[in-house]
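Down below is the structure, laid out as structure tokens.
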Amino acid sequence: MTIPRSHADRVLAAIRAGEATHSRIVASWSRSAELYGLDAGAPVKPQRLSEQEFRAARERMEPIIRAAGTSLDDLFQAVGGVGCCVLMADCDGVPVERRGKPADDRDFSDWGLWTATRWGEAEMGTNAIGTCLSEQRPTKVHRDQHFLARNAAISCMSAPLHGADGRLAGVLDVSSCRADLTEALAELIAQSVAQTARRIEAETFRLAFPLARIVMVPGAERSAGALVAVDADDLVVGATRGARRVLGLSGDVAAAPRPAADLLGLQSAETLDQAERGVLARALARADGNVSAAARGLGISRATMHRKLLRQRIALPE
Numbered sequence: 007m008t009i010p011r012s013h014a015d016r017v018l019a020a021i022r023a024g025e026a027t028h029s030r031i032v033a034s035w036s037r038s039a040e041l042y043g044l045d046a047g048a049p050v051k052p053q054r055l056s057e058q059e060f061r062a063a064r065e066r067m068e069p070i071i072r073a074a075g076t077s078l079d080d081l082f083q084a085v086g087g088v089g090c091c092v093l094m095a096d097c098d099g100v101p102v103e104r105r106g107k108p109a110d111d112r113d114f115s116d117w118g119l120w121t122a123t124r125w126g127e128a129e130m131g132t133n134a135i136g137t138c139l140s141e142q143r144p145t146k147v148h149r150d151q152h153f154l155a156r157n158a159a160i161s162c163m164s165a166p167l168h169g170a171d172g173r174l175a176g177v178l179d180v181s182s183c184r185a186d187l188t189e190a191l192a193e194l195i196a197q198s199v200a201q202t203a204r205r206i207e208a209e210t211f212r213l214a215f216p217l218a219r220i221v222m223v224p225g226a227e228r229s230a231g232a233l234v235a236v237d238a239d240d241l242v243v244g245a246t247r248g249a250r251r252v253l254g255l256s257g258d259v260a261a262a263p264r265p266a267a268d269l270l271g272l273q274s275a276e277t278l279d280q281a282e283r284g285v286l287a288r289a290l291a292r293a294d295g296n297v298s299a300a301a302r303g304l305g306i307s308r309a310t311m312h313r314k315l316l317r318q319r320i321a322l323p324e
């Protein structure tokens with residue numbers, strides 16, 4: 007049996023052996039070679055956007071960039087000490103934000119792990135950014151798991167980012183060029199990347215609905231980021247990807263809002279009489295039990311307020 011000696015030979019042998027059926031990495035290698043026509047041994051250089059193209063890419067990502075700042079800083083604080091950089095790329099695989107140590111900038115720039123470079127699977131073959139976007143799930147590509155031989159010294163850990171509308175918007179990535187980054191450490195970093203991506207999505211969602219109440223879907227895993235935006239009429243007007251998956255929602259949620267109580271399985275007022283009772287009780291609570299203040303808040307007289315409280319059998323605080 008001939009043992010493949012080069013990285014390109016090993017990639018080609020795995021594809022020909024049909025290993026793509028039980029390996030995500032080999033499946034991506036197969037796409038890289040057969041769908042995109044890439045050569046694993048070719049000296050490929052990362053493609054870069056023009057300044058105008060890069061500005062347009064950043065503008066499209068602006069809501070997530072605005073929401074991600076603190077989370078990117080925190081993630082870099084955690085991984086920068088072990089020689090990693092943090093990248094946030096758009097849905098074409100182009101990094102639009104980056105965090106890294108100045109001392110490492112030359113190395114990362116040489117590898118193309120920089121803003122405005124193209125890291126889609128079609129351009130760079132199997133890599134965490136491009137493969138994460140292709141498969142829309144967290145992806146770790148450790149060293150020689152990359153398709154291109156020129157990337158076989160890199161370790162990358164990525165997680166998808168979804169916008170406030172639940173659609174795929176980009177990817178969060180941590181990459182390292184250090185030879186001493188073990189696969190076990192890469193796995194730990196991958197978990198941090200996935201958690202940070204969920205925080206960025208949650209903050210993006212909150213900023214998209216500044217006037218709404220943000221409610222976690224009951225029973226959903228906290229890490230899944232299943233959040234809905236509820237307006238002043240208790241209608242759900244927005245939902246994260248996690249919430250859409252749990253609740254079976256699709257399309258433009260705001261265009262066809264649903265009662266929050268119905269979607270979330272919560273108890274709510276079903277009649278006008280019950281609704282009035284809730285309004286009176288909340289007005290009294292806001293006024294700390296002061297009937298006159300509660301009446302003013304509702305725009306009715308004190309006498310009318312008393313009659314309504316009596317009819318609803320709402321006891322006044324002593």
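So for the sequence shown, the working numbering puts the first residue at 7; every next one is plus one. All C-beta atoms, glycine included, are put in the ideal place defined by N, C-alpha and C. As the structure is a computational prediction, the values presented were derived from the model and not from experiment.
CB contact check: residue 162 to chain C, cutoff 9 Å: Protein chains in the displayed structure number just one, and chain C is not present.
Residue 96, DSSP secondary structure in three states: strand
Residue closest to residue 59, alpha-carbon to alpha-carbon, out of 123, 146, 308, 118: 123
Residue 54 - partner residues in DSSP beta bridges: Beta-bridge pairing links residue 54 to 123.
CB-CB length for residue 39 against residue 32, believed under 8 Å: The pair is not a contact, with the Cβ atoms about 10 Å apart (cut-off 8 Å).
Classification of residue 107 by the beta-carbon crowding that lies within 10 angstroms, buried from 16 upward: It counts as exposed.
For residue 187, the nearest candidate out of 173, 148, 141, 315 (CA to CA): 148
Contacts around residue 64, its chain only, beta-carbon distance under 6 Å, and the 5 residues preceding and following it disregarded: If we look at residue 64 and ignore the five residues flanking it on each side, its Cβ neighbours are 102.
Contacting residues, own chain, Cβ-Cβ under 6 Å from residue 3 (five flanking each side not counted): A query on residue 3 cannot be resolved here, the shown segment of the chain reaching from 7 to 324 and no further.
C-beta contact flag for residue 78 and residue 160 at 9 Å: no
Residue 234 to residue 214 span [Cα, whole Å]: One C-alpha to the other measures close to 11 Å.
Exposure label - residue 246; buried when at least 16 CB within 10 Å: buried
Local conformation of residue 67 per DSSP, three classes: Residue 67 falls in the coil class under three-state DSSP.
8 Å contact criterion, which residue 340 and residue 153 should meet: CB distance rounded: Examination of residue 340 is not possible in this model, given that the chain is present from 7 through 324 alone.
Short Cβ contact (9 Å threshold) for residue 70 with residue 175: yes
Inter-residue Cα distance where the pair is residue 16 and residue 44: 15 Å
Cutoff 6 Å; reference residue 92; Cβ partners in own chain excluding five residues on either side: 78, 81, 82, 105, 180
For residue 161, the three-state DSSP class (helix, strand or coil): strand
Inter-residue Cα distance where the pair is residue 184 and residue 162: 11 Å
Same chain, Cβ closer than 8 Å to residue 293, neighbours up to 5 away in sequence not counted: 299, 300, 303
Given residue 165 as reference, the closest of 221, 110, 95 once Cα atoms are compared: 95
Cβ distance (whole Å) where residue 139 is taken to contact residue 99 below 8 Å: 6 Å
DSSP three-state assignment for residue 9, whether helix, strand or coil: For residue 9, the predicted structure reports a pLDDT of 41, less than 50, and the residue's modelled location is therefore unreliable. A value from the coordinates is still provided. The answer is coil: DSSP assigns residue 9 none of H, G, I, E or B.
Run of the alpha helix (DSSP H) containing residue 251, from where it starts to where it stops: 247 to 253
Distance between residue 308 and residue 286 (C-alpha atoms, nearest Å): 12 Å
Endpoints, the beta strand (DSSP E) within which residue 204 is located: Run containing residue 204: none in the beta strand (DSSP E); it sits in the alpha helix (DSSP H), 189 to 214.
Cβ-Cβ distance between residue 243 and residue 259 below 9 Å: yes
Local conformation of residue 31 per DSSP, three classes: helix
Distance between beta carbons of residue 150 and residue 28, contact taken as under 8 Å: With 8 Å as the limit, residue 28 and residue 150 do not qualify as a contact, their Cβ atoms being about 19 Å apart.
Residue 73 to residue 177 span [Cα, whole Å]: 14 Å
Within 9 Å, strictly: CB atoms of residue 217 and residue 238: yes
Three-state class that DSSP yields for residue 229 in the structure shown: Confidence is the limiting factor: at residue 229 the pLDDT is only 48, short of 50, which leaves the residue's position unreliable and the question unanswerable from this model.
Ranges of the beta strand (DSSP E) found wholly within the segment 284 to 312, counting only runs of at least 3: none
Beta-carbon gap between residue 48 and residue 35 smaller than 9 Å: no
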